[in-house]
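Those letters in the sequence shown? Residues 3 to 214, per our numbering, in order.
All remarks here apply to the structure that follows.
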Amino acid sequence: MGYVPIGFAYGVLAAQAGLSPWEAGAMSLLVYAGASQFIAVGMLAADAGLAAVAATTFLVNLRHLLMSAALSPYFHRVRRPLLAVLSFFVTDESFAVSSTVFAERGRGDAGWFAGLAVTAYGSWLAASVAGALAGGAVDIPAAFGLDFALTGMFIGLLAGVLKDRPAVAAALTAGVVAVVSAPVLGRWSVMAAALIAAAAGVVMSRWTRKSS
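What follows is the structure, given as structure tokens:
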């Protein structure tokens, strides 16, 4: 259900950017990446070229490589054709939920992940179209906090995984690196922050085990 307000907010902003309901829905159907979709509609609203939108979306979505790599040990018995299908449904939200659940269980479950993925995908798609249909009735999205919806969701996801020192170290490192490197690296700062934060989390995890 958490996807519904976020998807609706995306749909409204997509409509404000000039996309029709079917175009907004098609983006959710084929791209299925909330952060990239919010960025894309913002760039389209600013009359950015399609090449710039595609390049930015590609760079932002590179983080999915890291998320998929982190989940891969839980799916080592899954056949590659099915694995390719499941990989499409890896999002920030499904990654945060499934990685936490799998870590607690000590094993992965392709069926459980598929259920989570299909439910989230359907909710996102339906909410996107609904938001696009209602977009014409919302003159100023910011007045309803719709422009903050994605940021709020990420804050909620972050709060849910800050359970130990390695996680806190990784989160703080990611924030600092992203802010400091953004003026120099631009869009690549997202990947730089993710890689350095992952390393910081590993170092902190090893240090914690040695000191305990």
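Glycine included, C-beta positions come from ideal geometry on N, C-alpha and C.
Remember, it's a predicted structure, so these values are computed and weren't measured experimentally.
Exposed unless 16 or more other CB atoms sit within 10 angstroms - verdict on residue 115
buried
How many angstroms separate the CA atom of residue 174 from the CA atom of residue 65?
17 Å
Tell me the rounded alpha-carbon separation between residue 98 and residue 163.
7 Å
Is the CB-CB distance between residue 31 and residue 127 below 8 Å?
yes
Near residue 130, which residues of its chain fall below 6 Å by C-beta distance, leaving aside the five closest residues on each side in sequence?
9, 12, 13, 26, 27, 30
Runs of 3 residues minimum, wholly inside the segment 62-149: which ones carry the beta strand (DSSP E) assignment?
none
Stretch pair the segment 30-46 + the segment 67-83: three plus CB contacts closer than 8 Å:
no
On a CA-only basis, which of 184, 103, 193, 171 is nearest residue 210? Give me that one, please.
171
Does the pairing of the segment 52-64 with the segment 184-191 give three or more beta-carbon distances under 8 Å?
yes
For residue 23, count neighbouring Cβ atoms within 10 angstroms of its own Cβ and tell me buried if that reaches 16, exposed if not.
buried
Taking contact to mean at least 3 C-beta pairs separated by less than 8 Å, is the segment 106-122 in contact with the segment 86-94?
yes
Give the range of the alpha helix (DSSP H) segment to which residue 203 is assigned.
191-213
Burial state of residue 153, where buried means 16 or more other Cβ atoms lie within 10 Å:
exposed
In the DSSP assignment, the alpha helix (DSSP H) including residue 38 goes from what residue to what residue?
36-47
Is it buried or exposed, residue 179, if we count other Cβ atoms within 10 angstroms and call 16 or more buried?
buried
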